[in-house]
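Visitor: With the UniProt record's numbering as the guide, the letters of the sequence shown map in order to residues 1 to 157. Submitted below is the structure of interest, expressed as C-alpha cells.
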Amino acid sequence: MSAMQEAFDRASGKKTPWNPSRKATARVKNPLPAPTSCPHCNGAVDLVNNSAIYGREYGEWPYAYACTAAGCGAYVGLHPFTAIPLGTLADGPTRAARKRAKAAFNPIWQSGRMTRGEAYAWLARALGIEKTEECHIGWFDVSTCQRVEQVIRESRQ
1 MSAMQEAFDR
11 ASGKKTPWNP
21 SRKATARVKN
31 PLPAPTSCPH
41 CNGAVDLVNN
51 SAIYGREYGE
61 WPYAYACTAA
71 GCGAYVGLHP
81 FTAIPLGTLA
91 DGPTRAARKR
101 AKAAFNPIWQ
111 SGRMTRGEAY
121 AWLARALGIE
131 KTEECHIGWF
141 DVSTCQRVEQ
151 VIRESRQ
C-alpha cells in the first residue's frame, strides 16, 4: 500500500491493517509478530488483499500475509481488524496438515465434553507444550500436526 493510501486510511478513520482497530488488537491474547520472511523458502512476505490468493476477495477482513516467491504459495490470514497474523505462514502441505489436525481436535470441545480452552490445555499437556497459550494449531508445522492426530487417536483407545 502506498504511503498516501495509508495516510488517507488513518485520516478517514477507515480500519485497515495499516490503521487497525485498537480494541481488536487488544483482544488478541498472544499475538505473533508480522512475518517478514517465509519459513518455507526464505522469500519476502507482503501484506495483501486475499484476492491475490483466492482470485477474489473473501470475508469482512480480506487481508493476509503472503510469500512473494514464485511457486511457494505460503500465506496466513489476519485476526479481524488487526495486522496480527492468525498463525505462521503455511505452504500447501502445512495447510493440509493443519486441516487434518483441526478435524481431529475440534470434536473434542465441540462435543461439549470440554470447553475449547480446556481442550487446548489438554492438548498442550499431551504435546509437552509448557504454556497453554502457545498451543495453537495455526502455529504448528506438519510434524506437530501429525502428533496432534496421534495423541488424539491414542486418547480414544
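Think of the CB as a built atom: it goes at the ideal place given N, C-alpha and C, for glycine as much as any other residue.
(1) Quick check on residue 181: does DSSP put it in helix, strand or coil?
(2) Please check the pair glycine 138 and glycine 87, which I expect to be a contact at CB under 8 Å, by giving their CB distance rounded to whole angstroms.
(3) Can you grab the Cα-Cα spacing for the pair tyrosine 58 / lysine 102, in whole Å?
(4) Given a cut-off of 7 Å, decide if leucine 89 and proline 39 are closer than it, judged by their beta-carbon atoms.
(5) Return the Cβ separation of isoleucine 46 and threonine 68 in integer angstroms, given the expectation that the two are a contact with Cβ distance under 8 Å.
(6) Taking only three categories from DSSP, how would you classify threonine 16?
(7) Are the region 47-57 and the region 104-118 touching, with three or more C-beta to C-beta distances below 8 Å?
(8) Determine the DSSP secondary structure at tyrosine 58, reduced to helix, strand or coil.
Guide: Considering the structure as presented:
(1) Because the chain spans 1 through 157 in this model, residue 181 falls outside it and cannot be assessed.
(2) Within the sequence shown, the letter at position 138 stands for residue 138. Within the sequence shown, the letter at position 87 stands for residue 87. 3 Å between Cβ atoms; contact.
(3) One-based indexing of the sequence shown puts residue 58 at position 58. One-based indexing of the sequence shown puts residue 102 at position 102. Going by the C-alpha atoms only, they are around 21 Å apart.
(4) Looking up residue 39 in the sequence shown gives position 39. Looking up residue 89 in the sequence shown gives position 89. Yes; because the gap between Cβ atoms is below 7 Å, this pair is in contact.
(5) Locating residue 46 in the sequence shown gives position 46, counting from the first residue. Locating residue 68 in the sequence shown gives position 68, counting from the first residue. Here residue 46 turns out to be aspartate, not isoleucine, going by the sequence shown. About 6 Å; that satisfies the 8 Å criterion.
(6) As a working note, residue 16 is residue 16 in the sequence shown. Looking at threonine 16 - three-state DSSP - the assignment turns out to be strand.
(7) no
(8) As a position in the sequence shown, residue 58 is number 58, starting the count at 1. Three-state DSSP puts tyrosine 58 in coil, outside helix and strand.
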